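Trainee: Before I ask anything, let me first share the structure, which is written out below as structure tokens.
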Amino acid sequence: MKIKITTVYVDDQEKALRFYTEVLGFVKKNDFSQGPYRWLTVASAEEPDGTELQLALNNNPAAKAWQQASFQQNQPAAMFFTDDLQADYERMKASGAEFTMPPTDVTASKIAMVKDTCGNLIQLTQLMWKG
Amino acid sequence: MTDQTQYAPASAFGAEIRKDPGDTWTLVLVRELRHPPAMVWEALTDPAQLAEWAPFDADRNMATAGPVKITMARTPKPTFFETAVKRAQAPSLREAGVLEFSWGGSDLRWRLEPLGTGTRLTLWHGIDRRFIAWGAAGWHICIDVLDRLLGRNPVGRIAGTDAMKFGWQRLVSEYSQQFGLETRSETPNLPAQQSQES
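Sequences listed follow chains A and B, in order. Quick note on the numbering used here: the first sequence kicks off at 1 and runs consecutively. Quick note on the numbering used here: the second sequence kicks off at 132 and runs consecutively.
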């Protein structure tokens with residue numbers, strides 16, 4: 001058994017694809033449609049066969065409510081790890097990303113929070129303590 | 132039930148695409164069925180029959196306007212839409228049948244006109260242009276399955292990745308060509324194991 005996929009709900013899959021590929025730097029992995037349904041996933045460019053992130057349309061009331069409540073409570077919908085948070089921060093800022101928290105030192109790591117343009121906060125983490 | 136392996140779709144036919152005002156497109160698919168409008172109407176609205184051919188299930192009979200919960204068949208994750216039947220006009224001797232509902236973000240309309248002892252069935256489906264040939268290929272197969280159901284020779288629902296085993300890719304490239312769409316960009320980017328099955 002493997003952890004192969006995790007999901008974020010987005011309010012617009014096309015906009016999400018732009019953010020997660022062009023701004024965040026992931027690559028599109030799977031994209032297919034069945035009527036109004038679209039299965040869309042991205043993966044890390046550094047690890048294209050690694051865990052996939054499904055960009056799922058928040059087209060039901062529970063998904064919308066959960067997404068909005070999480071956002072209002074400042075809870076990230078997903079967390080990605082980087083080896084150089086400052087560099088990613090600069091690069092993404094240059095691509096127009098809107099950060100709600102710049103790189104900040106916290107226990108054992110440095111974190112930043114960015115809006116994914118589709119209703120979510122995404123946390124970027126760089127581990128500073130290697131045990 | 133007839134063995135599904137007996138089924139193979141014919142070449143692409145009877146479809147066109149139309150650009151709507153704005154940036155959206157509509158797939159228009161026309162089929163001539165051997166069965167009368169009243170029978171086709173039942174198959175388009177009765178949940179038990181939808182389960183035999185449609186790419187979705189409905190939580191109520193769709194023959195009246197109002198809210199309906201539509202659950203997609205065989206999507207990679209269970210998916211449903213709380214949506215509504217906008218117009219439901221059963222076919223009569225004088226008037227064509229019309230069934231209109233939204234299906235997720237897209238609008239879907241059926242028209243059932245008498246054609247001899249059979250039915251001219253027209254489908255309008257508002258669909259993303261990139262996936263329009265996929266939609267045409269999918270509906271082509273679904274309506275074939277519907278036709279066999281009405282002919283009491285059911286082959287069972289073919290939806291989602293099942294369609295891959297029944298010439299769906301060939302239909303996609305044929306419809307892409309007929310619609311004047313770039314086929315390369317329409318090539319599905321599917322998970323490896325599903326591509327291998329096809």
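Cβ coordinates follow ideal geometry from the N, Cα and C atoms, glycine included. All figures in this text were calculated on a predicted structure; none of them were measured in a lab.
Quick check on the burial criterion: 16 or more other C-beta atoms within 10 angstroms. Buried or exposed for Leu127(A)?
Mentor: It counts as exposed.
Trainee: Run down chain A in chain order and give the residues with a C-beta less than 8 angstroms from the C-beta of Pro207(B).
Mentor: Within 8 angstroms Cβ-Cβ: Trp39.
Trainee: Specify whether the stretch 269–282 of chain B and the stretch 294–301 of chain B touch according to this definition: at least 3 beta carbon pairs, one from each stretch, less than 8 angstroms apart.
Mentor: Touching, per the Cβ criterion.
Trainee: Is Tyr306(B) helix, strand or coil by DSSP?
Mentor: Here Tyr306(B) sits in helix by DSSP.
Trainee: Take Lys208(B) as the anchor and find which of Met101(A), Leu55(A), Ala94(A) has the nearest alpha-carbon.
Mentor: It is Leu55(A).
Trainee: Quick check on this structure: which residue in Gln13(A), Met1(A), Cys118(A), Ile5(A) has the alpha carbon closest to the alpha carbon of Pro48(A)?
Mentor: Here the closest residue by C-alpha is Ile5(A).
Trainee: Consider the Cβ of Glu213(B): report whether some Cβ of chain A lies at a distance smaller than 8 angstroms.
Mentor: Glu213(B) counts as touching chain A.
Trainee: Can the beta-carbon of Trp184(B) be found less than 8 angstroms from the beta-carbon of Gly35(A)?
Mentor: Result no, Cβ atoms of Trp184(B) and Gly35(A) do not sit closer than 8 angstroms.
Trainee: Could you check which residue in Glu14(A), Asn60(A), Lys115(A) has the C-alpha nearest to that of Met92(A)?
Mentor: Checking every option, the nearest Cα to that of Met92(A) belongs to Lys115(A).
Trainee: Can a CB atom of chain A be found closer than 8 angstroms to the CB of Phe232(B)?
Mentor: It does not; no Cβ of chain A falls within 8 angstroms.
Trainee: With a cut-off of 8 angstroms, does the C-beta of Gly291(B) fall near any C-beta of chain A?
Mentor: Chain A contact via Cβ: present.
Trainee: Does DSSP put His271(B) in a helix, a strand or coil?
Mentor: Note: His271(B) maps to helix in three-state DSSP.
Trainee: Let me check one thing: in DSSP terms, what residues is Tyr9(A) bridge-paired to?
Mentor: BP columns for Tyr9(A) point to Ala56(A).
Trainee: Determine, using beta carbons only, whether Gly96(A) comes closer than 8 angstroms to chain B.
Mentor: So no, Gly96(A) is outside the interface.
Trainee: Could you tell me which of Thr248(B), Gly247(B), Asp238(B) sits nearest to Ile258(B), measuring between CA atoms?
Mentor: For the residues Thr248(B), Gly247(B), Asp238(B), the minimum Cα distance to Ile258(B) belongs to Asp238(B).
Trainee: Please classify Arg288(B): does DSSP put it in a helix, a strand, or coil?
Mentor: Coil at Arg288(B), not helix or strand.
Trainee: Go ahead and pull the three-state DSSP assignment for Thr136(B).
Mentor: Here Thr136(B) sits in helix by DSSP.
Trainee: Determine the direct distance from the alpha carbon of Val276(B) to that of Ala182(B), and round the result to whole angstroms.
Mentor: If you take the alpha carbons of Ala182(B) and Val276(B), they lie about 11 angstroms apart.
Trainee: Excluding the 5 residues flanking Thr214(B) on each side, which residues of the same chain have their C-beta closer than 8 angstroms to its C-beta?
Mentor: Cβ within range, chain order: Pro198, Val199, Lys200, Ile201, Phe232, Ser233, Trp234, Gly235.
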